[in-house]
Structures are given as C-alpha cells and as structure tokens.
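>
Residue numbers (the working numbering): 916 to 1059.
This is the structure we're talking about:
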C-alpha cells in the first residue's frame, strides 16, 4: 500500500511539473513582447550621420579597362566615420588596390559589384579601431 501511495505521489508531482513547464513555455512563446529581441533599425538620419562619401574614383582595372565610380561607406557610428576621414588616404589606397586587382569581366558579372563590396568592407575593417564599415554604396559606376 505504501509503495502504491509513493508511486501515485510521484506521478502527481511529475504531472504538476510538466504542466508548470508547459504554462511557462506557452506564456513566453505566445505572450512575450514582440519588440524585446528585435535589433535596432537605424533611421535615415542616423544612417546619414555615419556615412562617409569618398571623392569620385577613376582608375585602371586589370587588363587595361577603366572604372569611374563614386563610393560612399556606411559606418556603424559617427566615431567610425571620423576615423574613416582620418584614414582617407589609406581607404582610397585600399579601394584603388582592390580595383586594380579586378577585371572588367569580374565587375560585370551579376555578383561582381557585390563581391567588390565585400572585399572593401573586409579590407577596411581590418584596420579600423573605432568602429567598422557595414555597407558600401556605389553611385554611377562606369566601366569601360
């Protein structure tokens, strides 16, 4: 009789525990505030404050072609934008070096400019200390 009573109590405790876990999970899953874990999406003004526009670049590509493009770098903060300004010569040299290593065919591929974008971000971020470049915007790229 004692054995049956102990088994019944353990079963009741197990059922209560499973119900409690289910209620907590249900509350968290269904009633949790939707904005709690959403990352901050910057406003246009915040993005503009952290953009660094470079002068128009006209340079040779590998194979004798020429590219002319205006590039704007999107930084993650105004401190990063200030660092980009202080490193302007280094940034321009980095971008020119990357462009010199690419051919007209490389850039005209469907993902050519996106590949260049990734290389620019990776190369510049390798020496940034006060933030990072998060995106690269091209204006009027002309490849001849």
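Don't be surprised by glycine CBs; every beta carbon is placed ideally from N, CA and C.
Where do the ends of the alpha helix (DSSP H) carrying residue 1005 lie?
Here residue 1005 is taken as the residue at index 90 of the chain shown, counted from 1. It spans 1003-1015 - the alpha helix (DSSP H) in which residue 1005 sits, taken as one unbroken run.
> Quick check on this structure: which residue in 977, 919 and 934 has the alpha carbon closest to the alpha carbon of residue 1058?
Against the chain shown, residue 1058 aligns to sequence position 143. Comparing Cα-Cα distances from residue 1058 to each of 977, 919 and 934, the minimum goes to 977.
> Roughly how far, in whole angstroms, is the beta-carbon of residue 987 from the beta-carbon of residue 966, given that I think they are within contact range, below 8 Å?
Along the chain shown, one-based indexing puts residue 987 at 72. Along the chain shown, one-based indexing puts residue 966 at 51. Going by Cβ atoms, the distance from residue 987 to residue 966 rounds to 5 Å, so yes, they are a contact pair.
> Skipping 5 residues on each side, what residues in its chain have a beta carbon closer than 7 Å to that of residue 1043?
By 1-based counting over the chain shown, the position of residue 1043 is 128. Cβ within range, chain order: 995 and 998.
> Is it the case that the Cβ atoms of residue 985 and residue 1015 are separated by a distance below 8 Å?
The residue you call residue 985 lines up with position 70 of the chain shown. The residue you call residue 1015 lines up with position 100 of the chain shown. Against a cut-off of 8 Å, the Cβ pair of residue 1015 and residue 985 comes out as no contact.
> In this structure, does DSSP put residue 991 in helix, strand or coil?
Here the question's residue 991 lines up with position 76 in the chain shown. If DSSP states are grouped into helix, strand and coil, residue 991 belongs with coil.
> Please report the residue range of the alpha helix (DSSP H) in which residue 1021 lies.
If you number the chain shown from 1, residue 1021 lands on position 106. First-last of the alpha helix (DSSP H) with residue 1021: 1019-1023.
> How long is the line joining the alpha carbons of residue 927 and residue 934, rounded to whole angstroms?
By 1-based counting over the chain shown, the position of residue 927 is 12. By 1-based counting over the chain shown, the position of residue 934 is 19. Going from the Cα of residue 927 to the Cα of residue 934 covers about 11 Å.
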